[in-house]
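Engineer: My questions all concern the structure below.
Protein chains: 2
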Amino acid sequence: MHSIRNTRLLDVLNDKGVDRTPIWIMRQAGRYLPEYMATRKKAGDFMTLASTPELACEVTLQPIRRFTLDAAILFSDILTVPDAMGLGLYFEAGEGPRFKSPVRTPEDIKNLGKPDPETELRYVMDAVRLIRRELNESVPLIGFAGSPWTVATYMVEGGGSKDYPHIKRLMYGDEGALHRLLLKITETTIDYLRAQVDAGAQSLMVFDTWGGILTPRAYHAFSLHYMQRIVDALKKSHATTPITLFTKNGGMWLPDIARTGCDAVGVDWTIDLRDARALTRDNVALQGNLDPGVLYGSKSKIREEVQRVLESYGEGERHIFNLGHGIHQHIDPENVEFMIETVHELSPAFHRK
Amino acid sequence: MHSIRNTRLLDVLNDKGVDRTPIWIMRQAGRYLPEYMATRKKAGDFMTLASTPELACEVTLQPIRRFTLDAAILFSDILTVPDAMGLGLYFEAGEGPRFKSPVRTPEDIKNLGKPDPETELRYVMDAVRLIRRELNESVPLIGFAGSPWTVATYMVEGGGSKDYPHIKRLMYGDEGALHRLLLKITETTIDYLRAQVDAGAQSLMVFDTWGGILTPRAYHAFSLHYMQRIVDALKKSHATTPITLFTKNGGMWLPDIARTGCDAVGVDWTIDLRDARALTRDNVALQGNLDPGVLYGSKSKIREEVQRVLESYGEGERHIFNLGHGIHQHIDPENVEFMIETVHELSPAFHRK
Numbered sequence: 001m002h003s004i005r006n007t008r009l010l011d012v013l014n015d016k017g018v019d020r021t022p023i024w025i026m027r028q029a030g031r032y033l034p035e036y037m038a039t040r041k042k043a044g045d046f047m048t049l050a051s052t053p054e055l056a057c058e059v060t061l062q063p064i065r066r067f068t069l070d071a072a073i074l075f076s077d078i079l080t081v082p083d084a085m086g087l088g089l090y091f092e093a094g095e096g097p098r099f100k101s102p103v104r105t106p107e108d109i110k111n112l113g114k115p116d117p118e119t120e121l122r123y124v125m126d127a128v129r130l131i132r133r134e135l136n137e138s139v140p141l142i143g144f145a146g147s148p149w150t151v152a153t154y155m156v157e158g159g160g161s162k163d164y165p166h167i168k169r170l171m172y173g174d175e176g177a178l179h180r181l182l183l184k185i186t187e188t189t190i191d192y193l194r195a196q197v198d199a200g201a202q203s204l205m206v207f208d209t210w211g212g213i214l215t216p217r218a219y220h221a222f223s224l225h226y227m228q229r230i231v232d233a234l235k236k237s238h239a240t241t242p243i244t245l246f247t248k249n250g251g252m253w254l255p256d257i258a259r260t261g262c263d264a265v266g267v268d269w270t271i272d273l274r275d276a277r278a279l280t281r282d283n284v285a286l287q288g289n290l291d292p293g294v295l296y297g298s299k300s301k302i303r304e305e306v307q308r309v310l311e312s313y314g315e316g317e318r319h320i321f322n323l324g325h326g327i328h329q330h331i332d333p334e335n336v337e338f339m340i341e342t343v344h345e346l347s348p349a350f351h352r353k
Numbered sequence: 354m355h356s357i358r359n360t361r362l363l364d365v366l367n368d369k370g371v372d373r374t375p376i377w378i379m380r381q382a383g384r385y386l387p388e389y390m391a392t393r394k395k396a397g398d399f400m401t402l403a404s405t406p407e408l409a410c411e412v413t414l415q416p417i418r419r420f421t422l423d424a425a426i427l428f429s430d431i432l433t434v435p436d437a438m439g440l441g442l443y444f445e446a447g448e449g450p451r452f453k454s455p456v457r458t459p460e461d462i463k464n465l466g467k468p469d470p471e472t473e474l475r476y477v478m479d480a481v482r483l484i485r486r487e488l489n490e491s492v493p494l495i496g497f498a499g500s501p502w503t504v505a506t507y508m509v510e511g512g513g514s515k516d517y518p519h520i521k522r523l524m525y526g527d528e529g530a531l532h533r534l535l536l537k538i539t540e541t542t543i544d545y546l547r548a549q550v551d552a553g554a555q556s557l558m559v560f561d562t563w564g565g566i567l568t569p570r571a572y573h574a575f576s577l578h579y580m581q582r583i584v585d586a587l588k589k590s591h592a593t594t595p596i597t598l599f600t601k602n603g604g605m606w607l608p609d610i611a612r613t614g615c616d617a618v619g620v621d622w623t624i625d626l627r628d629a630r631a632l633t634r635d636n637v638a639l640q641g642n643l644d645p646g647v648l649y650g651s652k653s654k655i656r657e658e659v660q661r662v663l664e665s666y667g668e669g670e671r672h673i674f675n676l677g678h679g680i681h682q683h684i685d686p687e688n689v690e691f692m693i694e695t696v697h698e699l700s701p702a703f704h705r706k
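Okay, here's the thing in structure tokens:
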């Protein structure tokens with residue numbers, strides 16, 4: 001079915017047996033790699049790096065060249081979508097992402113653009129095509145987008161936040177306007193993810209970084225509901241492309257996430273995989289969940305914690321090893337390599353093959 | 354037993370019936386009140402405000418004068434403890450708390466002071482005595498401290514953080530050193546809380562703001578274990594003073610927190626009180642859990658959400674109404690008053706008296 005050589009990730013997503021647990025790393029193309037820092041320096045700034053297909057391709061491939069990973073993930077940012085909707089994304093040194101025109105009023109929401117992925121976001125699709133060509137069927141390529149709730153949070157706050165005053169004001173002050181915003185983002189995100197698959201992405205992931213700041217009721221209404229729409233739409237048009245949903249701090253909602261019809265659920269490190277597996281009853285694959293902080297530790301500590309994650313999942317064919325969130329900037333790449341090799345060494349014992 | 358006039362909070366903590374659900378608000382003495390801003394301006398900076406008993410007393414009483422609340426909480430900061438241990442706390446404009454000498458090495462940990470609460474932290478005890486006198490037995494006074502894990506996080510990071518690289522490096526790199534640090538903080542915190550009770554605090558709360566960034570195993574070893582020591586020590590010396598433990602993002606660990614022997618558990622808004630109550634089997638009082646963001650909403654939305662919290666707890670005598678975390682800076686005090694009055698109006702239906 002796949003001409004690809006390393007099918008471990010897709011096999012786990014499709015519930016087929018594997019010889020060992022596949023592994024990739026959230027933010028694997030990133031600032032902890034000296035070669036990434038060199039390319040970024042050449043690009044000048046983050047947006048140039050993300051929007052130049054040759055450079056995005058180069059940094060996507062860097063961790064694949066350096067480590068024995070089972071998947072590549074497109075180098076991009078969840079905020080390319082609101083940028084294309086007209087908000088004017090920029091990055092302030094040391095401040096993280098900012099928008100020139102944050103969304104605050106019903107009028108702002110009405111005026112949002114509905115970008116065509118092959119026009120306003122063509123640089124992403126060109127990057128996907130180029131990466132697939134360069135990967136040359138070695139490992140699968142993961143495409144991604146932010147969850148509508150998470151993207152809306154950035155759009156309304158105008159950047160990162162501590163208390164999320166603006167989006168909470170909208171949520172408790174004008175629920176209807178928030179739903180209209182979420183619907184627009186959802187429609188754009190569906191088009192965007194479909195275009196990524198058409199361009200060559202072989203698996204998809206939706207990052208819900210801020211779903212965990214909601215009440216259970218609000219999480220269902222404002223975050224999960226729109227991820228459900230994405231899953232439904234993609235399953236209709238691209239039934240064979242697996243989708244992974246990941247809500248950070250969403251441990252208590254894993255059963256509901258698993259019921260969306262997604263193929264895998266990302267799990268952060270605040271819940272044991274044993275419990276996550278019981279909550280999702282083996283109906284989905286689980287991706288995670290080593291604390292990224294473990295990579296600051298000694299090799300023997302890394303080995304101990306990798307073993308603990310593998311044991312917590314236990315025997316079974318539906319585990320994708322990953323960190324519980326993105327890798328930190330100041331991690332030594334040698335420790336990353338050691339973690340990956342340790343997963344290769346220790347995980348076969350948990351598989352039947 | 355108490356000469357105090359409004360015993361609702363203490364009655365709920367002691368499992369006696371009440372006529373309506375008591376309410377107080379985390380960070381009720383704070384920047385959303387214009388009278389607080391005026392006193393703070395007079396003080397010049399936060400540390401002067403917190404360390405001058407007359408000013409700390411004044412801001413503690415401000416919300417009691419303005420609203421019909423069932424408890425006062427000492428105006429102070431969880432970082433007065435590490436300040437007294439020698440770290441040199443200061444506040445940078447717009448940047449939050451900082452330490453002149455963060456703790457990084459085993460040597461730093463060895464050199465930490467063991468402050469005497471009635472000497473280095475005498476200003477806190479003087480504030481407690483003054484507040485009790487000024488409250489004149491109207492409502493009880495809550496004293497507090499940070500959890501050892503949370504205080505250690507600030508001490509090692511040197512301030513607030515996003516990824517907590519330094520404390521994670523210590524945790525996975527030199528576990529023994531971290532335990533020595535936590536033990537020192539725990540011993541000082543026990544002395545500090547005992548002194549607060551001796552000075553007049555009638556209830557105690559331990560704020561574990563950062564326990565939720567840990568794996569379940571690390572939470573038990575590095576956060577809950579030391580809160581357990583605090584509960585054990587206080588129950589030995591001051592058995593009749595109730596203790597509330599609050600781990601933000603600790604929804605999944607509520608059963609374990611409740612088993613420490615504490616009298617109440619704080620609950621943030623990411624879990625329904627119905628579930629929190631089932632998890633803790635009515636063995637403790639529950640404090641919470643309105644999303645602070647609700648206070649940005651209209652009066653009808655505030656009423657709807659207050660009713661939802663009361664219904665979620667249901668009938669019973671062991672609920673203390675509060676927000677799920679501290680009140681935000683830009684909330685209109687009129688909305689706070691409306692929330693409080695709504696709790697007074699709607700909560701009697703949930704009580705037998």
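Line by line, the protein sequences give chains E and G.
For the first sequence, the numbering used here gives the first residue as 1, with consecutive numbering after it.
For the second sequence, the numbering used here gives the first residue as 354, with consecutive numbering after it.
We put the CB at the ideal spot given by N, CA and C, even for glycine.
All values derive from a computational prediction rather than experimental measurement.
Determine the chain E residues that contact G:D561 at a beta-carbon separation under 7 Å, and present them in chain order.
Structural biologist: Going along chain E, no residue has its Cβ under 7 Å from G:D561, so there is no contact; the nearest lies around 14 Å.
Engineer: Is there a C-beta anywhere in chain G that falls below 8 Å from the one on E:P165?
Structural biologist: Interface residue, yes.
Engineer: So G:D561 is in the beta strand (DSSP E); what residue range does that whole segment cover?
Structural biologist: That run of the beta strand (DSSP E) goes 556 to 561.
Engineer: Tell me E:T60's beta-bridge partners as DSSP assigns them.
Structural biologist: None; E:T60 has no bridge partner.
Engineer: When DSSP builds the beta bridges, which residues end up paired with G:Q640?
Structural biologist: BP columns for G:Q640 point to G:G619, G:I673.
Engineer: Check this for me: beta carbons of G:F703 and G:T374, under 8 Å apart or not?
Structural biologist: Yes.
Engineer: Report the partner residues of G:T600 according to the DSSP bridge assignment.
Structural biologist: Partner(s): G:D561.
Engineer: Considering only their Cβ atoms, is the gap separating G:L362 from G:C410 smaller than 8 Å?
Structural biologist: No; because the gap between Cβ atoms is not below 8 Å, this pair is not in contact.
Engineer: How far does the beta strand (DSSP E) with E:P97 in it extend, from its first residue to its last?
Structural biologist: Residues 96 to 99.
Engineer: Taking Cβ-Cβ distances shorter than 7 Å, what residues in chain E pair up with G:K652?
Structural biologist: Residues of chain E passing the Cβ test: none, with the nearest at roughly 11 Å.
Engineer: Can the beta-carbon of G:S500 be found less than 8 Å from the beta-carbon of G:R358?
Structural biologist: No, they are not a contact pair.
Engineer: Considering only the alpha carbon of each residue, which of G:E487, G:L432, G:G650, G:R418 lies closest to G:F497?
Structural biologist: Here the closest residue by C-alpha is G:L432.
Engineer: Indicate the three-state DSSP secondary structure (helix, strand or coil) for E:L254 in the structure shown.
Structural biologist: In this structure, E:L254 counts as helix in the three-state DSSP scheme.
Engineer: Give a yes or no on whether 8 Å exceeds the smallest Cβ distance from E:N136 to chain G.
Structural biologist: Chain G contact via Cβ: absent.
Engineer: With H, G and I counted as helix, E and B as strand and the rest as coil, what does DSSP make of G:G511?
Structural biologist: Correct three-state label for G:G511: coil.
Engineer: For G:M354, would you say it is in contact with chain E, using Cβ-to-Cβ distances shorter than 8 Å as the test?
Structural biologist: At G:M354 the pLDDT is 46, less than 50, meaning the model places this residue with poor confidence; the figure from the coordinates comes in the next sentence. No - not a single Cβ of chain E is within 8 Å of the one on G:M354.
Engineer: Thinking just about the alpha-carbon of each residue, which of G:T594, G:V434, G:Y666 is nearest to the one in G:R634?
Structural biologist: Comparing Cα-Cα distances from G:R634 to each of G:T594, G:V434, G:Y666, the minimum goes to G:Y666.
Engineer: Among E:E345, E:R132, E:L182, which has the Cα closest to the Cα of E:P106?
Structural biologist: Looking at the Cα atoms, E:L182 is the closest of the given residues.
Engineer: In terms of residues, what are the limits of the alpha helix (DSSP H) holding G:I538?
Structural biologist: Element bounds for G:I538: 528 to 552.
Engineer: Just the chain G side, please: which residues come within less than 8 Å of E:I257 by C-beta, in chain order?
Structural biologist: Ordered by position in chain G, no residue passes the 8 Å Cβ test against E:I257, which lies about 14 Å from the chain.
Engineer: Would you kindly work out how many angstroms separate the C-alpha atoms of G:E670 and G:E664, rounded to a whole number?
Structural biologist: Using only the alpha carbons, I get a separation of about 13 Å.
Engineer: Could you check where the beta strand (DSSP E) with G:I566 kicks off and where it finishes?
Structural biologist: No beta strand (DSSP E) holds G:I566; DSSP gives it neither H nor E.
Engineer: Candidates G:V689, G:K395, G:A530: which alpha carbon is nearest G:I655's?
Structural biologist: That would be G:V689, whose Cα lies nearest to the Cα of G:I655.
Engineer: Checking 8 Å against the spacing of the C-beta atoms, do E:A221 and E:L254 come in under that value?
Structural biologist: For E:A221 and E:L254, no; Cβs fall outside 8 Å.
Engineer: Distance cutoff 8 Å, beta carbons only. Does G:N675 sit that close to anything in chain E?
Structural biologist: Chain E contact via Cβ: absent.
Engineer: Counting only C-beta atoms, is G:I462 closer than 8 Å to chain E at any point?
Structural biologist: No, because no Cβ of chain E sits closer than 8 Å to the Cβ of G:I462.
Engineer: Do E:G261 and E:Q287 have their beta-carbon atoms positioned less than 8 Å apart in this structure?
Structural biologist: In this structure, E:G261 does not lie closer than 8 Å to E:Q287 by Cβ.
Engineer: Sorted by chain position, which residues of the same chain lie with C-beta nearer than 6 Å to E:L49's C-beta, five sequence neighbours on each side aside?
Structural biologist: Within the same chain, E:L49 has close Cβ partners R40, A43, L55.
Engineer: Could you give the DSSP three-state label for G:I680: helix, strand or coil?
Structural biologist: Looking at G:I680 - three-state DSSP - the assignment turns out to be coil, as it is neither helix nor strand.
Engineer: Starting from E:H328, find everything on chain G with Cβ-Cβ shorter than 7 Å and list it in chain order.
Structural biologist: Within chain G, the residues near E:H328 are D516, P518.
Engineer: Which same chain residues end up closer than 8 Å to E:R374 when comparing Cβ atoms and leaving out the 5 residues on each side of it in sequence?
Structural biologist: Because chain E in this structure spans residues 1 to 353, residue 374 of chain E falls outside the shown range and cannot be described.
Engineer: In the DSSP assignment, find the unbroken beta strand (DSSP E) run with G:I495 in it and report its ends.
Structural biologist: Here the beta strand (DSSP E) through G:I495 covers 494 to 499.
Engineer: Should G:I417 be flagged as near chain E, meaning a C-beta pair shorter than 8 Å?
Structural biologist: Output row for G:I417: interface = no.
Engineer: Check for me: the beta strand (DSSP E) holding G:L386 runs from which residue to which?
Structural biologist: Neither: G:L386 is in no beta strand (DSSP E) and is coded neither H nor E.
Engineer: Report the rounded CA-to-CA distance for G:P595 versus G:K453, giving the unit in angstroms.
Structural biologist: Taking the straight line from one Cα to the other gives about 35 Å.
Engineer: Check the Cβ-Cβ distances between E:Y296 and every residue of chain G, and say whether any is below 8 Å.
Structural biologist: With 8 Å as the cut-off, E:Y296 counts as an interface residue toward chain G.
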